[in-house]
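Enquirer:
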Amino acid sequence: MKPFLPILPFLAKYPFLRVAGRFLEFEFGDLESILRSDDELVSSARELGVRIVEATLKGEKVPELENLKDLKEPFLCEECDVKDCVGRGGDLDRFRFCDYPVHSSEKYIKHLNIAKKFVLAYLFSKIAVSNLSEALRRKFAVRMARIYREMLEGESVGFLKVVVADFGINAKFVDGIFRVDVVDYLRGAVRIKAEEWKLVNRRLERGFVFLSKRELVRLLEEFLRDRLCERVEAGLKLEVKVEHESVDLDVKDLGIKAECYPPCMKKILSDLRNGMNVPHSARFAIAAFLLNIGMSVDDVVNVFRNAPDFDEDKTRYQVEHIAGRRGKGEEYICPSCDTMKSYGNCYADESCSNIKHPVRYYVRCVRSHSKRYSRE
Amino acid sequence: MEITRLFLIKKFGEYYANADLYIPKDLEKREFAFVPLEQFPDFVMHRHMAFSSDHELKTYLRSNVPAHAYYSTAYYSNPSAEMEEKGWMGADLIFDIDADHLPKRSLKAAKIEVLKLVKILEEDFGVDERCVEIVFSGRRGYHVHIYDERFRSLGSAERREIVDYLTLNSLKNPESRQMKRIARCIAKYVENAIKDGRIERMLEKENEAMKTILKTNLKVIAEGDFSLLPKEVFDRAYNLCLSRLAVHVDPPVTADIKRLIRLPNSLHGKTGLKVTPIPLDEFEDFDPLRDAVVFGDEMVKVRILKRVRVRLKGEEFRLTPGKGKVPEYLAVFLICRGVALYGH
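In structure tokens:
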């Protein structure tokens, strides 16, 4: 028996896999005993884990991770005929029962040690990130996910299937192409903004979306970010040295500059002014937009005064709700450009290039104006 | 107004006393909302109600006869709590096809949209037809409920992607299945336009050469290469095909994961028609103005307030203001529409 043999080199490269958790348990027992251990391996992995977080947040490379990129081992399961493991454990557990016949012990031990080191380092990275702010955790997750994606692109289809199953994604590989369950596809793809990722631009048949290997890996990157962002409760604090986060200028301090409203909002305003019946989704959008940029509830209510069905009390109630003065107490955020488009409320022109959110449009416009004035 | 209200409460009450109730899946996880007839014609909604059994819901409906009855498409761990404390657990995927939002505003056009929708859901989304339920909304359209558990957990953004797929919003990629459909439609359009001579009016000047080029390249066009098409022909064909192939669902309804939707088998208080679930194999023959009528033919005294023309149960009625006698089903309809009062 050579437990975890085929997956060992991959555990070192991809320690985020759930199988890695099984591996740690098998080798070290529970989390408690790892944290209590005074093993040399554990303490050096702890140092590496923290260093990975610090370097990643600073945008620097970690030599150990760079070296891993050259670790190119075949995925042995693809050429294995024994297959006894399959009957003994599911996707997660079968690797433990590996009985692959031709493989030297030395190589096994070598891979075993590398795997231990990096899986432990990953665990400590996760513990270290868990104490950081949401924004920093996100930053770490985004950067690490990108590194993993670049490595995954070089892996075989056989191994990618393992990763896909690890994330609970329902997919099959037919005639050189991956077919991913549309529900799983949507979960990841909605966060990728490029138009080619919109479902409408995909080949979709019988509930499955067709993806090339490269595209599949890009989709996995989205799932990865979420997993990397998750916190672990370990009852342990690891100190991470990070520079202070820059604070984004509050949009509400920019003042109200009507000339900087995006075309969609200008259109809704002019329709309202002309007494046209504006759809509910557009009314919500203009109210949220104006509140987001700092307009008062009274001024926003006035915007609706010309609507054919204007009812001051109702309007005020709704505007206050959007402003977060009622209900949950949180201000609603104006819909994104995608949402505006879906509801037929988008009137983009060339001034909207690279803009994904009406409030961003406003911020960009106000800032470029103020720069121009200050230069004059 | 008082006796009109009492008449409606009596009639709706009789209906609910005998009607087969529709029990949504996982009833105890749904929020219910009702607009009581007590306040007719005012529309006052009572929300955040929950029931733990069929019997409880039935008893409630019989003692508090509603003008409108709704339930949540969402499943909640605590459906009677305030919105923020409900504990969202998922929602059925739903579509609303409203005749008033269609290029051709008719119930017939709405039916065609429903059939288009069901076909795409099956062919592209792999939805099993046993998970599809079509319901006449009781007024101007149809609701399509999808009880496929895979879709339950989808958020609003994911559902909006499904809407964009159906409405062909932001369609760009020539390799996508939707664009391939468009390409076949455009080729067919060009072929027909050549046959019946419309193509000549579309091309700016007499252009035999262009006609020949198009004729011999129909296959290329059908495969998605539109480079040969003159702009004026392409624009016209593309927009026509877009409108023909898009399924005109109402986007916010599908994207809203906390929506209230009419309870099937309840009555629509603005028409008195039954919110009718229709089995797929009977959908083609379904006529809402005949099959969703639940009240009888007994003659009822009413006071008509406005000139109206209605077709109900296959009969056309032209009514003028004043006292008259009409069949009960028509009386209920007119009263609900606000164009008649009960009694003389």
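Heads up: the sequence lines are chains A and B, in that order. For the first sequence, the numbering used here assigns the number 238 to the initial residue and increments by one for each residue that follows. For the second sequence, the numbering used here assigns the number 942 to the initial residue and increments by one for each residue that follows. Quick reminder that beta carbons are idealized off the backbone N, C-alpha and C, glycines included. Treat the numbers as computed from the prediction; the structure is a model and nothing was measured.
Going by beta carbon distance, what residues of the same chain come within less than 7 Å of TYR337(A), once the five residues before and after it are set aside?
Expert: For the purposes of this step, residue 337(A) is taken as residue 100 along the first sequence, with counting starting at 1. If we look at TYR337(A) and ignore the five residues flanking it on each side, its Cβ neighbours are LYS239, LEU242, PRO243, LEU313, CYS317, VAL319.
Enquirer: Is there a C-beta anywhere in chain D that falls below 7 Å from the one on GLU433(A)?
Expert: The structure shown has no chain D; the protein chains it does contain are A and B.
Enquirer: Which residue wins for smallest C-alpha separation from LYS1211(B), given the options ILE944(B), ALA974(B), SER993(B), SER1078(B)?
Expert: Here residue 1211(B) refers to the residue found at position 270 when the second sequence is read from its first residue. The shortest C-alpha separation from LYS1211(B) is found at SER1078(B).
Enquirer: Does the distance from the C-beta atom of SER579(A) to that of ARG1101(B) stay below 7 Å?
Expert: Numbered from 1 along the first sequence, position 342 holds the residue referred to as residue 579(A). Numbered from 1 along the second sequence, position 160 holds the residue referred to as residue 1101(B). Yes, Cβ-Cβ distance for SER579(A) and ARG1101(B) is below 7 Å.
Enquirer: Beta-carbon within less than 7 Å of ASP1065(B)'s beta-carbon, same chain only, minus the 5 sequence neighbours each way: which residues are those?
Expert: Within the second sequence, numbered from 1, the residue matching residue 1065(B) stands at position 124. Result list for ASP1065(B): ARG1118, in chain order.
Enquirer: Quick one: does GLU613(A) have its CB under 7 Å from some CB of chain B?
Expert: To locate residue 613(A), count along the first sequence from 1; it is residue 376. For GLU613(A), the predicted structure reports a pLDDT of 40, less than 50, and the residue's modelled location is therefore unreliable. The matter cannot be settled from this model.
Enquirer: Identify whether PHE355(A) lies in helix, strand or coil by the three-state DSSP scheme.
Expert: On the first sequence, position 118 is the one that residue 355(A) refers to. Here PHE355(A) sits in helix by DSSP.
Enquirer: Assign LYS951(B) to one of three DSSP states: helix, strand, or coil.
Expert: By 1-based counting over the second sequence, the position of residue 951(B) is 10. In the structure shown, the three-state DSSP call for LYS951(B) is helix.
Enquirer: So that I know if they touch, is there some Cβ in chain A lying closer than 7 Å to that of GLU1269(B)?
Expert: By 1-based counting over the second sequence, the position of residue 1269(B) is 328. No - not a single Cβ of chain A is within 7 Å of the one on GLU1269(B).
Enquirer: Just to check my reading of the structure: LEU465(A) and ALA378(A) have Cβ atoms closer than 8 Å, yes? What is that Cβ distance to the nearest angstrom?
Expert: Position 228 of the first sequence, counted from the start, is the residue given in the question as residue 465(A). Position 141 of the first sequence, counted from the start, is the residue given in the question as residue 378(A). Yes, LEU465(A) and ALA378(A) are in contact; Cβ-Cβ is about 4 Å, under 8 Å.
Enquirer: Residues of chain B with CB under 9 Å from PHE445(A), in chain order?
Expert: Position 208 of the first sequence, counted from the first residue, corresponds to residue 445(A). Neighbours of PHE445(A) on chain B, chain order: GLY1067.
Enquirer: Please list the terminal residues of the continuous alpha helix (DSSP H) segment that includes ILE1103(B).
Expert: Along the second sequence, read from residue 1 onward, the residue named residue 1103(B) stands at position 162. For ILE1103(B), the enclosing alpha helix (DSSP H) stretches over residues 1097–1108.
Enquirer: Using a Cβ-Cβ cut-off of 8 Å (strictly less than) and excluding sequence neighbours within five positions of VAL287(A), which residues of its own chain qualify?
Expert: One-based indexing of the first sequence puts residue 287(A) at position 50. The residues PHE361, SER362, ALA365, LEU475, GLU476, VAL477, in chain order, have a CB closer than 8 Å to that of VAL287(A) in the same chain once the five nearest residues on each side in sequence are set aside.
Enquirer: With H, G and I counted as helix, E and B as strand and the rest as coil, what does DSSP make of ALA991(B)?
Expert: Position 50 of the second sequence, counted from the first residue, corresponds to residue 991(B). Of the three classes helix, strand and coil, the one that applies to ALA991(B) here is coil, per DSSP.
Enquirer: In chain order, what residues of the region 546–576 of chain A put their CB closer than 8 Å to some CB of chain B?
Expert: Residues of the region 546–576 of chain A with a C-beta less than 8 Å from any C-beta of chain B: GLY564, LYS565, ASP575, THR576, listed in chain order.
Enquirer: Looking only at its own chain, which residues have a Cβ that is under 6 Å from the Cβ of LEU254(A), when we skip the five neighbours before and after it?
Expert: For the purposes of this step, residue 254(A) is taken as residue 17 along the first sequence, with counting starting at 1. If we look at LEU254(A) and ignore the five residues flanking it on each side, its Cβ neighbours are ASP403.
Enquirer: Is LEU360(A) near the ligand PLP - that is, is its Cβ less than 6 Å away from at least one heavy atom of it?
Expert: Among the components of this structure there are no ligands whatsoever, and the ligand PLP is therefore not found.
Enquirer: Just to check my reading of the structure: GLY1031(B) and SER1094(B) have Cβ atoms closer than 8 Å, yes? What is that Cβ distance to the nearest angstrom?
Expert: Sequence index remark: in the second sequence, residue 1031(B) carries index 90 (1-based). Sequence index remark: in the second sequence, residue 1094(B) carries index 153 (1-based). Separation of the CB atoms of GLY1031(B) and SER1094(B) is rounded to 5 Å, and the pair is thereby assigned contact status at 8 Å.
Enquirer: Taking Cβ to Cβ, would you say TYR598(A) is nearer than 7 Å to PRO499(A)?
Expert: Your numbering for residue 598(A) matches position 361 in the first sequence. Your numbering for residue 499(A) matches position 262 in the first sequence. Yes, the pair counts as a contact, with Cβ atoms nearer than the cut-off.
Enquirer: Determine, using beta carbons only, whether GLY1279(B) comes closer than 7 Å to chain A.
Expert: Position 338 of the second sequence holds residue 1279(B). Closer than 7 Å: no.
Enquirer: Taking only beta carbons into account, state which residues of the region 968–994 of chain B come closer than 9 Å to chain A, listed in chain order.
Expert: Residues passing the 9 Å Cβ filter: none.
Enquirer: What is the DSSP secondary structure of VAL477(A), counted as helix, strand or coil?
Expert: Position 240 of the first sequence holds residue 477(A). Here VAL477(A) sits in coil by DSSP.
Enquirer: Which residues, in chain order, does the region 578–598 of chain A contribute to contact with chain B at a C-beta distance below 9 Å?
Expert: LYS578, SER579, TYR580, GLY581
Enquirer: Using alpha carbons as the reference points, say which of VAL1068(B), ASP1033(B), ARG1081(B), GLU1070(B) lies closest to ALA1051(B).
Expert: Here residue 1051(B) corresponds to residue number 110 of the second sequence, with the count starting at 1. Among VAL1068(B), ASP1033(B), ARG1081(B), GLU1070(B), the Cα nearest to that of ALA1051(B) belongs to ARG1081(B).
Enquirer: Could you check what DSSP says for ASP418(A) in three-state terms: helix, strand or coil?
Expert: Start at 1 with the first residue of the first sequence, and residue 418(A) comes out as number 181. Strand at ASP418(A).
Enquirer: Give me the Cα-Cα distance between GLU442(A) and LEU448(A), rounded to the nearest whole angstrom.
Expert: The sequence position of residue 442(A) within the first sequence is 205, counting from 1. The sequence position of residue 448(A) within the first sequence is 211, counting from 1. The alpha-carbon atoms of GLU442(A) and LEU448(A) are separated by roughly 12 Å.
Enquirer: Taking the straight line between their C-alpha atoms, what separation do you get for LYS593(A) and VAL1076(B)?
Expert: Position 356 of the first sequence holds residue 593(A). Position 135 of the second sequence holds residue 1076(B). So the alpha carbons of these two residues sit roughly 37 Å apart.
Enquirer: Enumerate in chain order the residues of its own chain whose CB-to-CB distance from HIS1009(B) is below 6 Å, with the five nearest sequence positions on each side excluded.
Expert: Counted from its first residue, the second sequence places residue 1009(B) at position 68. The residues are VAL976, GLY1210.
Enquirer: Rounded C-beta distance between PHE526(A) and CYS571(A)? I'm assuming under 8 Å.
Expert: Against the first sequence, residue 526(A) aligns to sequence position 289. Against the first sequence, residue 571(A) aligns to sequence position 334. Correct: roughly 4 Å between the Cβ atoms.
Enquirer: Would you say VAL515(A) faces chain B, with C-beta separation under 7 Å as the test?
Expert: Taking the first residue of the first sequence as 1, we reach residue 515(A) at position 278. No, its Cβ sits nowhere closer than 7 Å to a Cβ of chain B.
Enquirer: Can you find a CB in chain B that lies within less than 7 Å of the CB of HIS401(A)?
Expert: Here residue 401(A) refers to the residue found at position 164 when the first sequence is read from its first residue. According to the sequence provided, residue 401(A) is Val. The question's His does not apply to it. By this cut-off, VAL401(A) is not an interface position.
Enquirer: Can you look up TYR1011(B) in the DSSP assignment and give me helix, strand or coil?
Expert: Residue numbering aside, residue 1011(B) sits at position 70 when the second sequence is read from its first letter. It is a strand residue.
Enquirer: Compare the C-beta of LEU448(A) against all C-beta atoms of chain B and say whether one is closer than 7 Å.
Expert: Residue 448(A) sits at position 211 when you count from the first residue of the first sequence. So, not an interface residue.
Enquirer: Please list, in chain order, the chain B residues whose beta carbon lies closer than 7 Å to that of VAL437(A).
Expert: Your numbering for residue 437(A) matches position 200 in the first sequence. Chain B residues near VAL437(A): ASP1105, TYR1106, LEU1109, ASN1110, SER1111, LEU1112, SER1117, GLN1119.
Enquirer: Going along chain B in order, which residues have a C-beta closer than 8 Å to the C-beta of ARG440(A)?
Expert: In the first sequence, the residue the question calls residue 440(A) occupies position 203. Per Cβ cutoff of 8 Å: GLU1116, SER1117, ARG1118.
Enquirer: Identify whether TYR1001(B) lies in helix, strand or coil by the three-state DSSP scheme.
Expert: Locating residue 1001(B) in the second sequence gives position 60, where the first residue counts as 1. TYR1001(B) falls in the helix class under three-state DSSP.
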